[in-house]
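Undergrad:
Numbering (the working numbering), first residue to last: 369 to 963.
1) Is residue 792 near residue 554, with beta carbons less than 7 Å apart?
2) Rounded to a whole number of angstroms, what is the C-alpha to C-alpha distance between residue 624 and residue 775?
3) Could you tell me whether the stretch 492–510 touches the stretch 763–783, where touching means 3 or more Cβ pairs closer than 8 Å?
4) Do you know offhand how far residue 847's Cα is from residue 862's?
5) Nearest-angstrom Cα distance between residue 638 and residue 605?
6) From what residue to what residue does the beta strand (DSSP E) around residue 798 run?
7) How about the stretch 700–714 and the stretch 524–541: do they share at least three Cβ pairs that are nearer than 8 Å?
8) Give the single residue among 822, 455 and 745 whose Cα lies nearest to the Cα of residue 331.
9) Whole angstroms is fine: what's the gap from residue 620's alpha carbon to residue 782's?
10) Taking just the CA atoms, how far does residue 642 sit from residue 627?
11) Using a 10 Å radius around the Cβ and a threshold of 16 neighbouring Cβ atoms, would you call residue 482 buried or exposed?
12) Could you give the C-beta distance for residue 462 and residue 686, rounded to a whole number, given that I count them as a contact under 8 Å?
13) What does the alpha-carbon distance come out to for the pair residue 836 and residue 585?
14) Pair every Cβ in the stretch 796–810 with every Cβ in the stretch 688–696, then say whether three or more of these pairs are closer than 8 Å.
15) Comparing alpha-carbon positions, which option in 617, 460, 516 and 741 lies nearest residue 667?
16) With 16 other CB atoms within 10 Å as the buried threshold, where does residue 618 fall?
17) Could you tell me if residue 546 is buried or exposed, where buried requires 16 or more neighbouring beta carbons within 10 angstroms of its beta carbon?
18) Using a Cβ-Cβ distance under 7 Å, would residue 577 count as near chain D?
19) Determine the closest residue to residue 800 out of 492, 457, 523 and 543, with distance taken between C-alpha atoms.
20) Since residue 742 contacts residue 446 with CB under 8 Å, what's their CB separation in whole angstroms?
21) Answer yes if the stretch 731–748 comes into contact with the stretch 477–495, meaning at least three C-beta pairs across the two stretches below 8 Å, and no otherwise.
22) Count the other CB atoms within 10 Å of the CB of residue 750; is the residue buried (16 or more) or exposed (fewer)?
23) Within its chain, find whatever has a CB closer than 8 Å to the CB of residue 612; leave out the 5 residues flanking it on each side and keep chain order.
24) Nearest by alpha-carbon distance to residue 661: which of 587, 703 and 728 is it?
25) Taking Cβ positions, are residue 753 and residue 441 nearer each other than 7 Å?
26) Let me confirm a value: residue 832 is counted as buried when at least 16 other C-beta atoms fall within 10 Å, else exposed. Which label applies?
27) Can you find the residues in the same chain that come closer than 6 Å, C-beta to C-beta, to residue 575, ignoring five residues on each side of it along the sequence?
28) Can you list, in chain order, the residues of its chain with a C-beta nearer than 8 Å to that of residue 829? Leave out the 5 residues immediately preceding and following it.
29) May I have the straight-line CA-CA distance separating residue 777 from residue 649, to the nearest angstrom?
30) By how many angstroms is the C-alpha of residue 635 removed from the C-alpha of residue 609?
31) Locate the alpha helix (DSSP H) running through residue 913, then write down its first and last residues.
32) By how many angstroms is the C-alpha of residue 902 removed from the C-alpha of residue 865?
33) Here's a check: name, in chain order, each residue in its chain whose Cβ is nearer than 8 Å to the Cβ of residue 653, leaving out the five neighbours to either side.
34) If you drop the 5 nearest sequence neighbours on each side, which residues of the same chain put their C-beta closer than 7 Å to that of residue 460?
35) From residue 513 to residue 580, what does the alpha carbon distance come to, in whole angstroms?
36) Assign residue 941 to one of three DSSP states: helix, strand, or coil.
And the structure:
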């Protein structure tokens with residue numbers, strides 16, 4: 369390539385393909401638009417390959433042979449199954465549906481998405497982040513339209529994946545993503561707190577949040593009140609036992625005990641606690657034919673319910689599910705040394721899974737960090753563990769469905785209360801403040817709008833706030849004007865971004881300069897300058913020289929920002945003068961640096 373940056377002078381050349389890579393089936397071809405950074409990363413990776421000496425996943429073996437990893441995948445699948453089962457039921461209840469809806473979603477997420485997905489170690493299933501959205505959809509449309517909405521959401525994901533739009537779904541500011549997760553955590557915490565005392569949620573997120581003191585009062589069983597005549601306090605006791613076990617297990621479990629998921633231990637002990645004391649609280653209700661409770665979506669449903677409102681709801685589900693999935697993929701890639709995620713393939717697989725979920729009338733699915741993290745920690749080596757965990761859920765609910773009826777509903781709600789609390793990570797504010805207070809404000813605004821309004825409004829508002837901040841950064845120019853009467857010099861210091869939007873402000877400033885003075889423009893604090901501002905300064909310089917003045921600009925302060933616009937390299941300082949000025953260089957340096 370004639371324009372390649374890898375030449376004999378720079379000493380950088382793309383690495384030659386090895387014979388094993390050239391014949392590797394399914395190997396990726398280098399893209400024409402690969403950057404210099406990616407090529408350097410390839411060089412670095414090759415140089416460090418021998419030093420790392422890390423095991424490679426069987427899915428990246430060129431000869432297609434798998435190492436003896438079936439045992440590790442089998443054990444990991446059992447652990448993930450034990451984590452996923454109570455979460456599937458709890459999220460379904462939190463969504464306002466029966467446990468069967470969450471269980472079927474877990475089966476589809478494991479078997480179908482696990483087999484097709486582009487992230488081999490990711491585990492998909494019903495997610496707490498979508499529970500609040502589904503609950504709102506049920507209040508708005510009822511359960512009849514859910515299948516249509518979820519089918520359309522899956523189709524949107526498939527189209528986006530086939531069009532290779534997955535990276536664009538990741539182009540959401542961290543402040544908005546963290547705000548979305550924290551807002552969802554607040555909603556889950558507030559709604560499930562009422563379910564934990566065998567009560568029902570109070571409608572909107574803000575109402576659930578404000579009525580938590582009333583739920584606590586019911587759980588205290590104060591004599592002489594209406595709560596003393598109910599069983600709210602017994603359900604609260606079961607929920608409290610569940611949360612205490614979760615906290616203690618995470619804190620004190622050691623060695624091989626860490627492989628046992630705390631959620632499983634907590635639900636198991638809470639079930640034993642309730643059964644031993646025969647507590648009259650609400651328990652999970654499983655129908656004799658679990659799959660009979662599902663509503664199969666037909667073409668008649670699409671003809672009956674398809675509308676603009678339903679399409680917008682489907683796009684919202686697709687956006688939230690995709691954002692959560694791809695965030696999980698990115699986090700999971702940091703936890704293992706196996707093959708990296710193919711984001712477009714994963715998005716297509718998620719779309720296929722959600723389309724199936726909509727067709728059978730169960731909950732939508734996403735890639736879930738809790739289950740995926742457990743999968744990696746349990747030693748999974750390939751996608752086999754995810755697929756097997758789906759089969760274990762299917763076998764369990766077919767062979768032993770009524771064992772699930774021993775689980776108290778308050779224990780599952782307590783599990784989600786704990787999950788919501790963990791999602792509300794306000795410590796991230798401290799990290800974001802390092803990048804400016806505006807990031808923390810966008811985060812808080814997103815959380816507040818999600819809790820007080822709804823999830824989609826909060827996310828859209830957060831993105832809009834971030835765009836407004838970006839526009840402000842690229843349009844804000846601070847100008848300081850200082851005149852030195854002894855030397856007849858005017859100093860103009862620019863900071864921020866000098867774009868055509870700030871052209872009137874900049875032109876007004878230089879027009880106030882005396883015609884016969886020497887103007888020094890300081891650019892060291894300038895982050896960006898566009899052609900419009902440069903052109904204005906150059907034209908103004910001609911007029912200023914004609915009136916007996918001079919213009920001095922420090923080009924070197926901006927470096928590469930100006931290099932392309934100047935079409936070549938210049939010295940450290942570029943001076944535009946009408947006539948030679950007999951001054952010492954030190955004086956010029958002092959003038960250029962004083963702002």
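Glycine residues also receive a C-beta, built at the ideal position from the N, C-alpha and C atoms.
From a predicted model like this one, the values you see are computed outputs, not experimental measurements.
TA: For this structure:
1) Position 424 of the chain shown, counted from the start, is the residue given in the question as residue 792. Position 186 of the chain shown, counted from the start, is the residue given in the question as residue 554. Taking 7 Å as the Cβ cut-off, residue 792 and residue 554 qualify as a contacting pair.
2) Indexing the chain shown from 1 puts residue 624 at position 256. Indexing the chain shown from 1 puts residue 775 at position 407. Spanning the two alpha carbons is a distance of roughly 26 Å.
3) no
4) Stepping through the chain shown from its first residue, residue 847 is reached at position 479. Stepping through the chain shown from its first residue, residue 862 is reached at position 494. Using only the alpha carbons, I get a separation of about 5 Å.
5) Along the chain shown, one-based indexing puts residue 638 at 270. Along the chain shown, one-based indexing puts residue 605 at 237. Residue 638 and residue 605: Cα-Cα distance of roughly 10 Å.
6) Translated into positions along the chain shown, residue 798 becomes position 430. First-last for residue 798: 796–800, but that is the alpha helix (DSSP H), not the beta strand (DSSP E).
7) yes
8) Nothing in the structure corresponds to residue 331, since the chain is present only between 369 and 963.
9) On the chain shown, position 252 is the one that residue 620 refers to. On the chain shown, position 414 is the one that residue 782 refers to. Between residue 620 and residue 782, the C-alpha separation is close to 20 Å.
10) The residue given as residue 627 occupies position 259 in the chain shown. The residue given as residue 642 occupies position 274 in the chain shown. Those two C-alpha atoms are separated by around 25 Å.
11) Against the chain shown, residue 482 aligns to sequence position 114. Counting Cβ neighbours within 10 Å, residue 482 comes out buried, since at least 16 surround it.
12) If you number the chain shown from 1, residue 462 lands on position 94. If you number the chain shown from 1, residue 686 lands on position 318. Not really, about 21 Å apart at Cβ, beyond 8 Å.
13) Translated into positions along the chain shown, residue 836 becomes position 468. Translated into positions along the chain shown, residue 585 becomes position 217. Residue 836 and residue 585: Cα-Cα distance of roughly 44 Å.
14) no
15) The count along the chain shown starts at 1 and reaches residue 667 at position 299. It is 516.
16) On the chain shown, residue 618 is found 250 positions in, with the first residue counted as 1. Result: exposed.
17) Numbered from its first residue, the chain shown carries residue 546 at position 178. Flag for residue 546 reads buried.
18) In the structure shown, chain D does not exist; there is a single protein chain.
19) Against the chain shown, residue 800 aligns to sequence position 432. Cα-wise, what sits closest to residue 800 is 543.
20) Mapped onto the chain shown, residue 742 falls at position 374. Mapped onto the chain shown, residue 446 falls at position 78. That belief does not hold up - the Cβ atoms of residue 742 and residue 446 are roughly 11 Å apart, past 8 Å.
21) yes
22) Position 382 of the chain shown, counted from the start, is the residue given in the question as residue 750. Result: buried.
23) Taking the chain shown and counting its residues from 1, one reaches residue 612 at position 244. Answer for residue 612: no residue qualifies.
24) Here residue 661 refers to the residue found at position 293 when the chain shown is read from its first residue. Cα-wise, what sits closest to residue 661 is 728.
25) By 1-based counting over the chain shown, the position of residue 753 is 385. By 1-based counting over the chain shown, the position of residue 441 is 73. Against a cut-off of 7 Å, the Cβ pair of residue 441 and residue 753 comes out as a contact.
26) To locate residue 832, count along the chain shown from 1; it is residue 464. Its Cβ having fewer than 16 others within 10 Å, residue 832 is exposed.
27) As a working note, residue 575 is residue 207 in the chain shown. Result list for residue 575: empty, nothing under 6 Å.
28) Sequence index remark: in the chain shown, residue 829 carries index 461 (1-based). Same-chain partners within the cutoff: 813, 814 and 817.
29) For this step, residue 777 is matched to residue 409 along the chain shown. For this step, residue 649 is matched to residue 281 along the chain shown. Answer to the nearest angstrom: the Cα atoms are 8 Å apart.
30) Residue 609 sits at position 241 when you count from the first residue of the chain shown. Residue 635 sits at position 267 when you count from the first residue of the chain shown. About 9 Å.
31) Stepping through the chain shown from its first residue, residue 913 is reached at position 545. Residues 899–914.
32) Within the chain shown, the letter at position 497 stands for residue 865. Within the chain shown, the letter at position 534 stands for residue 902. For residue 865 and residue 902, the distance between alpha carbons rounds to 12 Å.
33) For the purposes of this step, residue 653 is taken as residue 285 along the chain shown, with counting starting at 1. Excluding sequence neighbours, residue 653 sits near 466, 467 and 773.
34) Position 92 of the chain shown, counting from 1, holds the residue named residue 460. Correct list, in chain order: 466, 467, 469, 470, 494 and 731.
35) Taking the chain shown and counting its residues from 1, one reaches residue 513 at position 145. Taking the chain shown and counting its residues from 1, one reaches residue 580 at position 212. The straight-line gap from Cα to Cα measures roughly 31 Å.
36) Residue mapping note: residue 941 aligns to position 573 of the chain shown, counting from 1. Summary for residue 941: the model assigns pLDDT 41, below 50, so the residue's position carries little reliability; its value from the coordinates is reported in the next sentence. The answer is coil: DSSP assigns residue 941 none of H, G, I, E or B.
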